[in-house]
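This report refers to the structure that appears directly beneath it.
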Amino acid sequence: MENNHRLRTNRVFALLAAITIQLTLGIAYIWSVFQTGIAESLFNGDNAPAALTFSLLLATLTIGSVIGGKLAVKYSTRIVVFIGGIILSMGFLLASFVTDSNPWLLWVTYGAMGGIGMGFTYSTTIACVQKWYPHKKGFVTGIIVSALGFGGVVFTPIVEKLILTFGGQGAGEFQTFMVLSIVFITVCTTGSLFLKNPPDGYMADKITAASAAVKEIKDYSPGEMLKTSKFYLLTGAFLLACMGGLMMIGFAKPIAVAKGLEDTAIIGVLAISMFNSLGRLLWGMISDKLGRKNTIIILLSGTATLALFVNLAAGFWIYILIALIGFFYGGLLSNFPSLTADLFGPKHMSTNYGFVLLGFGLGAIISSQIAGYYRDIAKNDIDLMFPAFLIASCCAVAAIILMTILKVLRKRERGF
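Taking our numbering, I'd label the letters of the sequence shown as residues 1097 to 1512.
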């Protein structure tokens, strides 16, 4: 009885620690607050190389997830998250010293170091909590990744205030990076102390009939997974699926400004952060009922449609559109990790999901360059940015095709 109580306490603390860490990692998703100031101060107003910083963070997050996942299996989740927090903090600290004479260092510090540190903590915390709640995988994954989205809501006004306090747009971003480095190292290293995997077979007898299939899933090693067509379909779909959401996350504030809403443009950042978080939670719960693949196809259909209306939305309607795009994007990010565990098993999930995230990372780089290129062309005529969102819509349709093929392949494997 005492042992059961201790295990229940451990899983609650693991969940709370994961939520707190992911909430802090949500700072990465408010890049559009930094975008204009960084473009002006380091890149002579060129948006594409500035946006590449955010894309590199997301791309190297995938590398960090793969490395961190392997280290977590060999050592422990606690150690990996602790190290990840230090790397992430150092990346932001060093980013605070970048100047216009060496702007590429921002890609190395905020981008590469920030992404690798974030990757060490991101998928390992998800995998750890999924093992504590194997019968509610979609639900707890939704809670954890929604915390990351909600971090944007919490930190957007704080970061805006810090930038103003430290000299305003184009100057205050760098000292703000320094403050954020302290936040990262404090939260990640402290939270890591409460992260520990459950004993083997934990709650195996309590998995409900609805999720009993979890016991039948083969645990694929990363090498085995990389030999399957399912992996390439899933990773390709992830690459294409993230385009619309990433374009809007990186450019929510500049788009609002170009729409003539400069005084309230921060609402765009808050809207996409809040609904990104809400989407991660709700669509994670819904997927436990509808199935991951069906849910992802619904989300992609919504993204493909909404992306076509960015240029048509006038006035405050743009904020509603931004919120809806964030809502669907958040759902995608809560379902792909759960689907990875469904397809390839929970044992190597943190490493396997790191490989799947390679699609997301590549999509992040491509989307930022497309959006940055058309944003520079558009300047204050936002209609000229329409091709970027048309591309995002087409990519979502292509992702639907890949998910449909994956569904057919999965049915054949199961023999029905």
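Glycine is no exception: its CB is placed at the ideal position from the N, C-alpha and C atoms. Computed from a prediction, not measured in an experiment: that's the story for all the values here.
Sequence-distant Cβ neighbours of residue 1381 in its own chain, meaning closer than 8 Å and more than five residues away, are 1234, 1235 and 1238. Contact annotation: residue 1288 and residue 1194 have beta-carbon atoms that are not nearer than 7 Å. Each of 1259, 1325 and 1228 was checked against the Cα of residue 1295, and the nearest Cα belongs to 1228. Counting only the Cα atoms, residue 1128 lies some 13 Å from residue 1249. The three-state reading of DSSP puts residue 1194 in coil, since its state is none of H, G, I, E or B. A straight line joining the alpha-carbon of residue 1231 with that of residue 1175 spans about 26 Å. Relative to the Cα of residue 1364, the nearest Cα in the group 1469, 1252 and 1374 belongs to 1252. Comparing C-alpha distances from residue 1419 to each of 1457, 1463, 1366 and 1159 shows the shortest one belongs to 1366. Across the set 1349, 1497, 1408 and 1291, the C-alpha of 1291 shows the shortest separation from the C-alpha of residue 1108. In the three-state reduction of the DSSP assignment, residue 1338 falls in the coil class. The criterion of a C-beta distance shorter than 7 Å is not satisfied by residue 1282 and residue 1452. For residue 1350, the secondary structure class from DSSP, reduced to helix, strand or coil, is helix.
Per DSSP, the continuous alpha helix (DSSP H) segment holding residue 1320 begins and ends at 1318 to 1321. Rounded to the nearest angstrom, the Cβ distance from residue 1337 to residue 1146 is 24 Å, too far for a contact under 8 Å. Under a 10 Å Cβ-count criterion, residue 1104 is classified as exposed, with fewer than 16 other Cβ atoms of the shown protein chains found around its own Cβ. Taking C-alpha positions only, residue 1480 is separated from residue 1467 by approximately 11 Å. The stretch 1133 to 1143 makes contact with the stretch 1194 to 1211: 3 or more CB pairs, one atom from each, lie closer than 8 Å. Taking the Cα of residue 1106 as reference, the smallest distance to any Cα among 1224, 1470 and 1385 is reached at 1224.
CA-CA distance, residue 1140 to residue 1219, rounds to 36 Å. In the same chain as residue 1156, and ignoring 5 residues on each side of it, the C-beta atoms closer than 6 Å to its own belong to 1208, 1211 and 1212, in chain order. Straight-line measurement puts the Cα of residue 1099 at about 44 Å from the Cα of residue 1396.
Counting of Cβ neighbours within 10 angstroms places residue 1413 among the exposed residues, the total staying below 16. Burial check for residue 1421: the Cβ neighbour count within 10 Å reaches 16 or more, so the residue is buried. About 22 Å separates the beta carbons of residue 1459 and residue 1374, which is beyond the 8 Å limit, so they are not a contact pair.
Under the three-state reduction of DSSP, residue 1231 is assigned to helix. Judged by beta-carbon spacing, residue 1168 lies within the 7 Å limit of residue 1446, meaning their Cβ atoms are closer than that value. The beta-carbon separation of residue 1164 and residue 1215, rounded to 6 Å, stays under the 8 Å limit for a contact. Of all C-beta pairs linking the stretch 1176 to 1191 to the stretch 1267 to 1277, three or more are shorter than 8 Å, placing the two stretches in contact.
Using a C-beta cut-off of 8 Å, the stretch 1398 to 1408 makes no contact with the stretch 1431 to 1442, since fewer than three inter-stretch Cβ pairs fall below that distance.
Taking 8 Å as the upper bound for CB-CB distance, residue 1339 and residue 1488 are in contact here, some 4 Å apart. In this model, residue 1259 and residue 1491 are separated by some 35 Å (Cα to Cα). Within the same chain, 1403 and 1404 come within 8 Å of residue 1486 by CB-CB distance, once the 5 residues on both sides are set aside. Every alpha helix (DSSP H) of 4 residues or more that sits fully in the stretch 1356 to 1430 is shown, in chain order, as 1362 to 1386 and 1388 to 1402.
When rounded, the separation of the alpha-carbon atoms in residue 1324 and residue 1431 is 20 Å.
Per DSSP, residue 1131 is one residue of the alpha helix (DSSP H) stretching across 1127 to 1138. Residue 1284 is positioned such that its CB atom lies no closer than 7 Å to that of residue 1205.
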